[in-house]
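Worksheet for the structure shown next.
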Amino acid sequence: MMTTTQLPSEFTDLQPYVDEWALRGQTARYDQMLRAGIDQLRTFYDAMMPRMDAVIAHLNRYDIDAMPPAEQTLFNLAATFAETAHPIDFKWKKVQFDEVHPIERIKLIGVSEAW
2 MMTTTQLPSE FTDLQPYVDE WALRGQTARY DQMLRAGIDQ LRTFYDAMMP
52 RMDAVIAHLN RYDIDAMPPA EQTLFNLAAT FAETAHPIDF KWKKVQFDEV
102 HPIERIKLIG VSEAW
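This note's numbering puts the first residue of the sequence shown at 2, with every later residue one more than the last.
Next comes the structure, spelled out in structure tokens:
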């Protein structure tokens, strides 16, 4: 898939992750975490973690409800990182679970699905 939304120029090193990881909504981010598996998640984590201070500093200059498209994409990438980093932080061996309530049966409402 060809990416049409670019990141701000100082974050072009993260562009390879946009198509798979710049997701809007908690459900999409959770689904991607499960689909990706631990190795792909580790690759994403390793790319994002050292850049997060710069990402946050950059995004703090914008109103969350009025971000330009490139900043919105960067925000979505950062939100996905924040919501999928815990398996790496806690040194999980896998992200798939055998006994868990199916996410498709849970309706998320409110802010978690707004961004």
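C-beta atoms are modelled at their ideal positions from N, C-alpha and C, and glycine is treated no differently.
| task | Would you please state the rounded distance, in angstroms, between the beta carbons of Arg30 and Thr74? I believe it to be under 8 Å. | result | Between Thr74 and Arg30 the Cβ distance is about 14 Å, and since that is not below 8 Å, they are no contact.
| task | Between the Cα of Phe91 and those of Ile65, Thr81, Ile39, spot the shortest distance and give me the residue it belongs to. | result | Put simply, of Ile65, Thr81, Ile39 the residue whose alpha carbon is nearest the alpha carbon of Phe91 is Ile39.
| message | What ranges does the beta strand (DSSP E) occupy inside the stretch 13 to 92, keeping only unbroken runs of at least 3 residues that lie completely in it? | response | Contiguous beta strand (DSSP E) elements confined to the stretch 13 to 92 do not occur, taking only those with 3 or more residues.
| Cβ-Cβ distance between Leu24 and Gln16 below 8 Å | Between Leu24 and Gln16, the gap from beta carbon to beta carbon reaches 8 Å or more.
| task | For Trp22, I'd like the list of residues in its chain whose CB is within less than 7 Å of its CB, leaving aside the five on either flank, ordered along the chain. | result | So the list reads Gln33, Phe45, Leu78, Thr81, once near-sequence residues are dropped.
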